[in-house]
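In the UniProt record's numbering, the protein residues as written are 1 to 229. Glycine included, C-beta positions come from ideal geometry on N, C-alpha and C. Note that this is a predicted model, so its numbers are computed, not measured.
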Ligand SMILES: C[S@@+](CC[C@H](N)C(=O)[O-])C[C@H]1O[C@@H](n2cnc3c(N)ncnc32)[C@H](O)[C@@H]1O
């Protein structure tokens, strides 16, 4: 991807079978002219996250490593899947940014250092909604499915509290997920969701809309351009 080679371990979300990783890179200003070009655009990429980044659900680590290559000085890459944590560490080492990318196994925020704050908190999420009682059978399935949106609820609730002053919480979601359900959960926990980027792609027979949602406390609502309904 992006003109670079990456390790991909079994059981880890595979960017080669989904456009989502390329779209995430594009949304964050880390891709080339289009998400899948061969032109790397990492060093000093305009619009890319600066300062510190917490990536929840790092998978292979492509986004976390790209952010470090683009100039993020401190990247924490968390994933619930141990294979993804190893995969992220391998790709950080492969691209010489192990000193700036810390990969850790964590269910969302539960293994972060207390008091750690970030300029950007980002999650390209497992946005397919399953019934609340459903139990994913494999870690790979957890890359796609969130029963009852329980993890999304915890993310919306907890992520804004991890921001450094002026920081942003960004959630990559799609029309394969249940946007109204997500919005109801956001309302319940006092969060506002605004679309800051969107793009439509063909996935098999379907046109799928991907969106980058900014999550803010509902009271901060004044300056937001567009609200998800
Ligand atoms: C759609 S994949 C995105 C992977 C990677 N960021 C990419 O763009 O290729 C979602 C990721 O979230 C992780 N994940 C799911 N639930 C999680 C949780 N509760 N805490 C941390 N990571 C989680 C999955 O293991 C998976 O790696």
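Taking a cut-off of 8 Å on C-beta distances, the region 1–12 touches the region 84–99, as three or more cross pairs fall below it.
Nearest to residue 163 by alpha-carbon distance, out of 100, 175, 16 and 52, is 52.
Here residue 78 carries a strand assignment [DSSP, helix/strand/coil]. Here the alpha carbons of residue 18 and residue 200 stand approximately 13 Å from one another. In this structure, the CA atom of residue 152 is about 31 Å from the CA atom of residue 94. Just so you know, the alpha carbons of residue 168 and residue 48 end up roughly 13 Å apart. Per DSSP, residue 118 is one residue of the beta strand (DSSP E) stretching across 118–124. Contact between residue 134 and residue 177 does not hold, since the beta-carbon distance rounds to 15 Å and is not under 8 Å.
Straight-line measurement puts the Cα of residue 202 at about 31 Å from the Cα of residue 82. At least one heavy atom of ligand 1 lies closer than 7 Å to the C-beta of residue 142. Relative to ligand 1, residue 57 has its C-beta within less than 7 Å of a heavy atom. A residue is called buried once 16 or more other Cβ atoms fall within 10 Å of its Cβ, and residue 150, having fewer, is exposed.
Under DSSP, residue 56 shares a beta bridge with 78 and 123.
Our two residues, residue 72 and residue 166, have alpha carbons roughly 16 Å apart in a direct line. In this structure the region 135–143 does not touch the region 178–191; the number of beta carbon pairs closer than 8 Å is below three. Residue state for residue 1 is assigned as coil, using DSSP reduced to three classes. For residue 157, the enclosing alpha helix (DSSP H) covers residues 150–158.
The Cβ atoms of residue 104 and residue 121 do not sit closer than 8 Å to each other.
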